[in-house]
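To start, the structure itself, in structure tokens.
Protein chains: 2
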Amino acid sequence: MSYAERRERLASWLRGEALAACLIEDREGLRNPSLRYLCGHPEDACLFVLASGRTILVPWDANLARSLASADEIIPFTDFDRDVKAAFAAIARREGLSGRVELSGSTAHTLVEGIARASDAAIVCREGGLDQALAGMRALKESAEIASLRAACAVTNGILRSLQASLGEGGERTEAEVAQFVERGALEAGAEGMSFRTIAAGPARSFGIHAFPSYGNGPFGGEGLSILDFGVLVGGYPSDVTVTLARGRLSAGQEEMVGLVEEAYDLARSLLAPGRATREIALAVDSLFRRRGYAMPHALGHGLGLEIHEAPRISGRETNASVLAPGMVVTIEPGLYDAREGGVRKENDFLVTESGFETLTEACILRLP
Amino acid sequence: MSYAERRERLASWLRGEALAACLIEDREGLRNPSLRYLCGHPEDACLFVLASGRTILVPWDANLARSLASADEIIPFTDFDRDVKAAFAAIARREGLSGRVELSGSTAHTLVEGIARASDAAIVCREGGLDQALAGMRALKESAEIASLRAACAVTNGILRSLQASLGEGGERTEAEVAQFVERGALEAGAEGMSFRTIAAGPARSFGIHAFPSYGNGPFGGEGLSILDFGVLVGGYPSDVTVTLARGRLSAGQEEMVGLVEEAYDLARSLLAPGRATREIALAVDSLFRRRGYAMPHALGHGLGLEIHEAPRISGRETNASVLAPGMVVTIEPGLYDAREGGVRKENDFLVTESGFETLTEACILRLP
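Sequence order for the protein chains is W and F. Per the working numbering, the first sequence starts with residue 89, numbered consecutively. Per the working numbering, the second sequence starts with residue 89, numbered consecutively.
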């Protein structure tokens with residue numbers, strides 16, 4: 089589907105909701121990848137989509153927009169003194185937008201109030217409106233998106249294989265060496281870069297879900313549990329995998345955690361199917377952990393797309409009403425963390441199909457002597 | 089100043105504003121480094137600071153919090169089903185918070201509404217309140233913060249020198265090679281990592297203010313203008329510099345842009361002084377560019393701290409009322425960009441002192457034959 093076709097789908101939704109327009113805003117500190125989804129411009133811009141389908145892009149970087157973006161009109165953000173309220177007021181006036189205009193529910197409270205004051209439009213800002221409509225569109229991947237996701241996963245699998253060979257050879261490595269090895273592999277294989285900041289946490293730091301800092305000059309892959317969580321980007325679409333490296337003789341507690349995470353992973357995988365509520369899968373895993381006296385401090389998985397964490401969420405939260413459908417690409421990533429034993433997590437990416445699912449990546453818990 | 093002392097200063101401000109408490113929330117997609125400033129916990133948590141000074145941290149990663157954070161009490165976010173509204177309601181009830189409680193003005197509109205519904209507290213969410221108080225505290229660096237910033241700048245200067253030596257040797261380099269060279273240098277010199285994703289844009293892509301993707305496998309440093317924008321982190325505090333590499337014979341347009349950026353940089357530097365309104369400096373540079381027929385599409389500079397872009401902003405916007413004061417650390421970074429000629433930017437970091445300023449970094453526009 090082209091950017092224009094996606095915008096026409098959104099415009100049709102706007103008309104159905106009796107909205108005159110919507111504003112997609114992406115800025116440092118509050119990213120909104122629906123911007124890129126709808127017009128190809130990667131970041132730092134306001135995108136106005138009118139119910140007529142007409143689209144106006146107001147980018148911080150007009151040169152970049154002219155080379156990358158699809159929109160009916162591009163107006164540099166500097167024309168409005170780089171102020172969202174001013175851009176909104178001017179465009180609403182020029183386009184005669186006096187009806188309801190929706191903003192993302194994540195928009196800063198003070199900005200929503202400021203825009204409402206600066207314009208005659210009736211501002212709509214809610215949970216489950218525009219955000220949910222866009223999340224729903226984006227959750228069901230089109231064939232070109234699936235091709236990019238497959239390509240990202242293929243690059244990732246190549247890196248996993250060369251990493252396994254390299255780690256099997258032994259020798260001391262720092263967290264940073266492993267992170268740079270992964271990144272070089274990604275770029276050499278044609279990826280645009282990493283899909284998020286690589287986490288390489290050696291045995292002393294793997295107890296953190298997301299180690300901080302994400303990697304450093306400390307040792308990686310020695311005796312005990314090390315976690316490597318990374319992904320690559322191809323055509324804007326990510327992979328996301330986690331390998332746990334279990335080296336040497338593990339403690340009884342570590343062995344139990346590793347076994348339990350493998351069991352949870354297999355359980356979750358056995359429940360992946362179109363039509364299944366993702367909450368059901370997450371609750372099954374939570375319950376397995378709880379029966380054995382453990383608790384997982386994060387969600388079981390998430391959708392993958394222009395955003396590394398997007399719909400559908402795979403969590404046990406009461407508000408999670410997601411149901412798996414063909415075309416969704418999700419992670420499954422059970423993990424357990426202990427301040428003394430360290431952490432273990434296993435994460436792979438899956439494409440939900442008409443008949444079940446396809447496993448796209450090959451990360452594992454790697455036992456090394 | 090210790091974390092507890094900073095919190096006591098904030099609590100005193102809360103009392104002065106007749107607030108019962110405030111909530112600092114940091115989450116993926118909406119970072120708030122005041123969390124780290126006030127308790128040392130790096131990210132993904134809610135921090136409740138009461139007017140009494142009592143402080144409750146609700147972290148996503150309780151293991152990480154127990155190893156890093158300073159707070160009177162730590163309650164895992166999982167106890168509230170990882171839901172901010174539920175955490176707020178429970179803590180407000182337990183602590184008897186029935187008065188005014190302030191949230192950051194950046195808090196999502198829908199979350200502000202949800203918290204207001206879930207609790208008896210009177211929610212305050214405004215521009216210029218809590219956010220401005222914290223920005224003001226953080227803008228004036230304490231001696232330990234200045235020591236970290238100096239250390240980050242020293243690492244950066246070492247990298248700049250080795251980079252200059254390496255680029256002077258000629259030979260083809262890719263953007264990714266340069267970015268990884270910089271990162272290896274940072275980690276080897278003891279930095280925690282990079283302060284933001286390195287931008288390495290060769291002549292074909294330097295026209296973007298922030299090239300996208302930020303680096304790739306394309307050539308860097310060949311004939312024309314290449315931009316390298318990077319910074320490192322030491323103890324949580326960043327440097328931020330931009331080098332432009334001008335190789336070979338430049339076009340008349342490129343020569344003019346380079347000369348003008350140097351002129352703008354010198355002009356801005358000549359105006360750096362305690363007591364000076366930052367808007368005045370920015371307007372002087374904007375006016376210089378305008379007189380010569382150019383326009384700069386971004387702000388002239390910004391404060392450096394736990395956030396890479398923080399107070400004081402150095403921009404010509406009407407709403408910018410910042411005044412330089414001793415202890416502020418800021419960047420100056422004039423830049424010009426042209427779709428055909430490419431881009432040029434020069435950025436260094438400065439500490440404002442009682443008597444003027446100190447230049448902390450040594451980036452330049454590097455001419456190579």
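Even glycine gets a Cβ: it sits at the ideal position worked out from N, Cα and C. Predicted model only: the values in this text are computed from it and were never measured.
Spatial neighbours of residue i within its chain, please: C-beta separation below 6 Å, excluding the five flanking residues on both sides.
{"i": "residue 187 of chain W", "result": "108"}
{"i": "residue 230 of chain W", "result": "89"}
{"i": "residue 393 of chain F", "result": "226"}
{"i": "residue 173 of chain W", "result": "202, 203 and 206"}
{"i": "residue 415 of chain F", "result": "228 and 229"}
{"i": "residue 121 of chain W", "result": "394 and 395"}
{"i": "residue 370 of chain F", "result": "388, 402, 403 and 404"}
Excluding the five sequence neighbours on either side, which residues of its own chain have a C-beta within less than 7 Å of the C-beta of residue i, listed in chain order?
{"i": "residue 211 of chain F", "result": "189, 191, 200, 203 and 204"}
{"i": "residue 374 of chain F", "result": "384 and 404"}
{"i": "residue 238 of chain F", "result": "448"}
{"i": "residue 96 of chain F", "result": "141"}
{"i": "residue 250 of chain F", "result": "273"}
{"i": "residue 124 of chain F", "result": "130, 324 and 394"}
{"i": "residue 177 of chain W", "result": "206 and 207"}
Between the options, which lies nearest to residue i when the distance is taken from Cα to Cα?
{"i": "residue 91 of chain W", "options": "W:249, W:339, W:145 and W:314", "result": "W:145"}
{"i": "residue 153 of chain W", "options": "W:167, W:175, W:176 and W:127", "result": "W:127"}
{"i": "residue 306 of chain W", "options": "W:242, W:262 and W:313", "result": "W:262"}
{"i": "residue 235 of chain W", "options": "W:313, W:323 and W:297", "result": "W:323"}
{"i": "residue 522 of chain W", "options": "W:244, W:110 and W:429", "result": "One cannot answer for residue 522 of chain W here, as it falls past the ends of chain W, which runs 89 to 457."}
{"i": "residue 299 of chain W", "options": "F:131, F:343 and F:113", "result": "F:131"}
{"i": "residue 387 of chain F", "options": "W:101, W:148 and W:129", "result": "W:148"}
{"i": "residue 329 of chain W", "options": "W:351, W:287, W:338 and W:362", "result": "W:287"}
{"i": "residue 158 of chain F", "options": "F:164, F:129 and F:169", "result": "F:129"}
{"i": "residue 317 of chain W", "options": "W:100, W:346, W:349 and W:333", "result": "W:333"}
{"i": "residue 451 of chain W", "options": "W:247, W:125, W:425 and W:443", "result": "W:247"}
{"i": "residue 337 of chain F", "options": "F:295, F:372, F:105 and F:311", "result": "F:311"}
{"i": "residue 445 of chain W", "options": "W:294, W:361 and W:123", "result": "W:361"}
{"i": "residue 433 of chain W", "options": "W:264, W:389, W:301 and W:112", "result": "W:389"}
{"i": "residue 290 of chain W", "options": "W:284, W:302 and W:401", "result": "W:302"}
{"i": "residue 119 of chain F", "options": "F:358, F:397 and F:367", "result": "F:397"}
{"i": "residue 218 of chain F", "options": "F:415, F:391 and F:99", "result": "F:99"}
{"i": "residue 309 of chain W", "options": "W:271, W:280, W:277 and W:254", "result": "W:254"}
{"i": "residue 356 of chain F", "options": "F:423, F:156, F:105 and F:138", "result": "F:423"}
{"i": "residue 346 of chain F", "options": "F:421, F:416 and F:197", "result": "F:421"}
{"i": "residue 161 of chain W", "options": "W:150, W:292 and W:170", "result": "W:150"}
{"i": "residue 431 of chain F", "options": "F:339, F:364 and F:410", "result": "F:339"}
{"i": "residue 264 of chain W", "options": "F:257, F:281, F:267 and F:371", "result": "F:281"}
{"i": "residue 437 of chain W", "options": "W:419, W:275, W:293 and W:155", "result": "W:419"}
In the DSSP output, what is residue i paired with across the bridge?
{"i": "residue 445 of chain F", "result": "F:440"}
{"i": "residue 398 of chain F", "result": "F:391"}
{"i": "residue 315 of chain F", "result": "F:289 and F:332"}
{"i": "residue 374 of chain W", "result": "In the DSSP output, where bridge partners are listed per residue, residue 374 of chain W has none listed."}
{"i": "residue 92 of chain W", "result": "For residue 92 of chain W, which the question treats as bridged, DSSP gives no partner whatsoever."}
{"i": "residue 431 of chain F", "result": "F:425"}
{"i": "residue 114 of chain W", "result": "W:133"}
{"i": "residue 320 of chain W", "result": "W:282"}
{"i": "residue 243 of chain W", "result": "Its beta-bridge partners do not exist; DSSP assigns none."}
{"i": "residue 143 of chain F", "result": "F:137"}
{"i": "residue 418 of chain F", "result": "F:391 and F:438"}
{"i": "residue 325 of chain F", "result": "F:322"}
Please list, in chain order, all residues of the same chain as residue i whose beta carbon is under 8 Å from its beta carbon, the five residues on each side excluded.
{"i": "residue 224 of chain W", "result": "399"}
{"i": "residue 348 of chain W", "result": "376, 377, 380, 382 and 424"}
{"i": "residue 279 of chain W", "result": "240, 243, 320, 321 and 322"}
{"i": "residue 342 of chain W", "result": "312, 313, 334, 429, 430 and 432"}
Using a Cβ-Cβ distance under 8 Å, would residue i count as near chain B?
{"i": "residue 378 of chain W", "result": "No chain B appears in the structure shown, which is made up of the protein chains W and F."}
Compute the minimum distance between the beta carbon of residue i and the heavy atoms of the ligand NAD, and state whether it is under 7 Å.
{"i": "residue 327 of chain W", "result": "The ligand NAD is not part of this structure, which contains no ligands at all."}
Task: Residues, ordered as in the chain, of the stretch 159-170 of chain W that lie near chain F by beta-carbon distance below 9 Å - done: 164, 165, 166, 169 and 170
Open item on the list: Any C-beta of chain F within less than 9 Å: which residues of the stretch 422-434 of chain W qualify?
Closed with: 425, 426, 427 and 431
Task: Inside the stretch 158-206 of chain W only - alpha helix (DSSP H) runs reaching at least 4 residues - done: 172-182 and 197-206
Task: Residues within the stretch 131-162 of chain W neighbouring chain F, beta-carbon criterion of under 9 Å - done: 131, 132, 148, 149, 150, 151, 152, 154, 155 and 156
Open item on the list: Under 7 Å, CB to CB, which of the residues in the stretch 174-204 of chain F have a partner in chain W?
Closed with: 193, 194, 195, 196, 197, 198 and 200
Task: Every unbroken beta strand (DSSP E) inside the stretch 209-235 of chain W [3 residues or more] - done: 210-213
Open item on the list: Along the stretch 295-319 of chain W, where does the CB come closer than 9 Å to a CB of chain F? Name the residues.
Closed with: 295, 296, 297, 298, 299, 300, 301, 302, 303, 304 and 305
TODO: Could you name the residues of the stretch 253-264 of chain F whose beta carbon sits closer than 7 Å to any beta carbon of chain W, in the order they occur along the chain?
DONE: Answer set for the stretch 253-264 of chain F: 264.
- [ ] Mind checking the stretch 333-362 of chain F against chain W and listing, in chain order, the residues whose C-beta falls within less than 7 Å of any C-beta there?
- [x] none
Task: Residues, ordered as in the chain, of the stretch 212-245 of chain W that lie near chain F by beta-carbon distance below 7 Å - done: 213, 214 and 215
- [ ] Check distances from the C-beta atoms of the stretch 91-111 of chain F to those of chain W and list, in chain order, the residues that come in under 8 Å.
- [x] none
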